[in-house]
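J.:
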Amino acid sequence: MIINGQTLDLAFRGFKTIFSEASAEAPSHYDKIAMVVPSSSRDETYGWLGNFPTMREWVGPRQVKQFEAHGFTIRNKTFETTVEVDRVDFEDDRLGVFKPAFAEMGQAAARHPDEMIFSLLKNGFTSTCYDGQPFFSANHPVTDADGNVTTVSNLDEGTGPAWFLLDTSRAVRPLIWQERTGYEFQQLNGTEDEYVFRNDKFLYGIRARVNAGFGLWQLAHGSKKPLGLGEYAQARAAMMERKADGGRILGVTPTVLVVPPALESFARQILNCELGESGGSNPWSGTAQVLVTPYLS
Numbered sequence: 001m002i003i004n005g006q007t008l009d010l011a012f013r014g015f016k017t018i019f020s021e022a023s024a025e026a027p028s029h030y031d032k033i034a035m036v037v038p039s040s041s042r043d044e045t046y047g048w049l050g051n052f053p054t055m056r057e058w059v060g061p062r063q064v065k066q067f068e069a070h071g072f073t074i075r076n077k078t079f080e081t082t083v084e085v086d087r088v089d090f091e092d093d094r095l096g097v098f099k100p101a102f103a104e105m106g107q108a109a110a111r112h113p114d115e116m117i118f119s120l121l122k123n124g125f126t127s128t129c130y131d132g133q134p135f136f137s138a139n140h141p142v143t144d145a146d147g148n149v150t151t152v153s154n155l156d157e158g159t160g161p162a163w164f165l166l167d168t169s170r171a172v173r174p175l176i177w178q179e180r181t182g183y184e185f186q187q188l189n190g191t192e193d194e195y196v197f198r199n200d201k202f203l204y205g206i207r208a209r210v211n212a213g214f215g216l217w218q219l220a221h222g223s224k225k226p227l228g229l230g231e232y233a234q235a236r237a238a239m240m241e242r243k244a245d246g247g248r249i250l251g252v253t254p255t256v257l258v259v260p261p262a263l264e265s266f267a268r269q270i271l272n273c274e275l276g277e278s279g280g281s282n283p284w285s286g287t288a289q290v291l292v293t294p295y296l297s
């Protein structure tokens with residue numbers, strides 16, 4: 001192959017197509033449990049987290065509620081991955097051997113949000129959310145109907161593998177996926193570029209500015225107890241009984257049960273089987289969807 005601007009551009013477009021197609025075809029689940037938020041700056045502050053609007057009968061003038069500023073900020077992080085292609089492989093028309101590598105780069109880009117979101121969920125027992133408590137905590141502060149500060153738990157402690165029950169039906173979700181710039185396929189392949197001149201290699205890579213953060217703990221329940229019908233029922237009831245500040249019922253309805261591979265069979269028995277453990281009817285069949293991810297292992 002004669003190496004010039006035209007052939008290098010054609011190669012780049014070919015590599016980019018392979019990358020884009022593989023990325024589009026790769027399965028991902030992060031957007032099933034996280035709200036996707038575009039970012040327009042270095043970081044974003046979610047001062048409204050924890051404030052739940054409520055309707056009231058309009059008697060007299062409007063009652064204006066101010067958002068309580070919790071100051072929870074998610075700062076974007078920059079991620080990259082880069083590969084080299086020898087110039088001699090261009091000259092010898094051997095570019096076809098790189099197709100699997102660029103396809104794998106596309107799949108890696110598609111998997112990256114899953115890695116970050118589910119790793120964040122896994123670390124929720126120690127990482128703090130907007131109220132200063134760990135996302136899964138026994139001590140989330142909530143004001144009751146009389147104005148007294150009480151504590152609410154969204155945690156079941158134990159020693160087993162963690163599983164998570166989430167309500168993803170609302171506009172705000174338990175987790176946030178923040179994206180400043182998407183996964184961009186880039187090149188450094190000019191014949192006059194210093195790196196190419198010194199190393200006789202062309203560079204291709206991915207760059208993105210993104211991050212993951214916690215949304216509303218009220219819409220999540222984390223447990224390390226054994227996963228069974230009783231434990232699922234207990235977690236579900238605890239979520240549905242949750243109240244906002246002022247004692248108002250939030251109306252939480254769990255929709256997704258997130259488990260590692262080790263708990264998949266237990267999760268499917270609870271949610272997909274019509275018969276219970278003793279052969280009777282299973283009242284929890286179909287009450288949520290099972291989401292299995294290796295990133296909780």
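Per full-length UniProt numbering, the sequence shown runs over residues 1 to 297. Backbone N, C-alpha and C define an ideal beta-carbon position, used for all residues, glycine too.
Measuring alpha carbon to alpha carbon, tell me which residue in 17, 74, 203, 108 is nearest residue 90.
T.: Of the listed residues, the one whose Cα sits closest to residue 90 is 203.
J.: Here's the rule: buried if 16 or more other CB atoms are within 10 angstroms of the residue's CB, otherwise exposed. What is residue 189?
T.: Buried, since its Cβ has 16 or more Cβ neighbours within 10 Å.
J.: Quick one: is residue 42 buried, meaning 16 or more other Cβ sit within 10 Å of its Cβ, or exposed?
T.: Classification of residue 42: exposed, given that the 10 Å Cβ count is below 16.
J.: Return the chain-ordered ranges of every alpha helix (DSSP H) run that is complete within the region 79 to 106 and spans a minimum of 4 residues.
T.: You should have 87 to 91.
J.: By a C-beta neighbour count over all protein chains shown, 10 Å radius and 16 as the cutoff for buried, is residue 236 buried or exposed?
T.: Label assigned to residue 236: buried.
J.: Are residue 292 and residue 167 closer than 7 angstroms when you measure CB to CB?
T.: Not closer than 7 angstroms, so no.
J.: Three or more C-beta pairs closer than 8 angstroms, one from the region 257 to 265 and one from the region 78 to 98: is that the case here?
T.: Counting Cβ pairs under 8 angstroms, fewer than three are found: no touch.
J.: With a Cβ-Cβ cutoff of 7 angstroms, do residue 214 and residue 106 count as a contact?
T.: Not in contact: residue 214 and residue 106 (Cβ atoms no closer than 7 angstroms).
J.: Let me check one thing: in DSSP terms, what residues is residue 156 bridge-paired to?
T.: Residue 156 is bridged to 223.
J.: On the criterion of 16 or more Cβ atoms from any shown chain inside 10 Å, does residue 169 qualify as buried, or is it exposed?
T.: Label assigned to residue 169: exposed.
J.: Going by Cα to Cα distance, which pick from 142, 152, 212, 231 is closest to residue 158?
T.: With distances taken between Cα atoms, residue 158 lies closest to 231.
J.: Does the Cβ of residue 138 have 16 or more other Cβ atoms within 10 Å, making it buried, or fewer, making it exposed?
T.: Exposed is the call here.
J.: Quick one: is residue 185 buried, meaning 16 or more other Cβ sit within 10 Å of its Cβ, or exposed?
T.: When all chains shown are included, residue 185 counts as buried.
J.: According to DSSP, is residue 112 part of a helix, a strand, or is it coil?
T.: Residue state, collapsed to three classes: helix.
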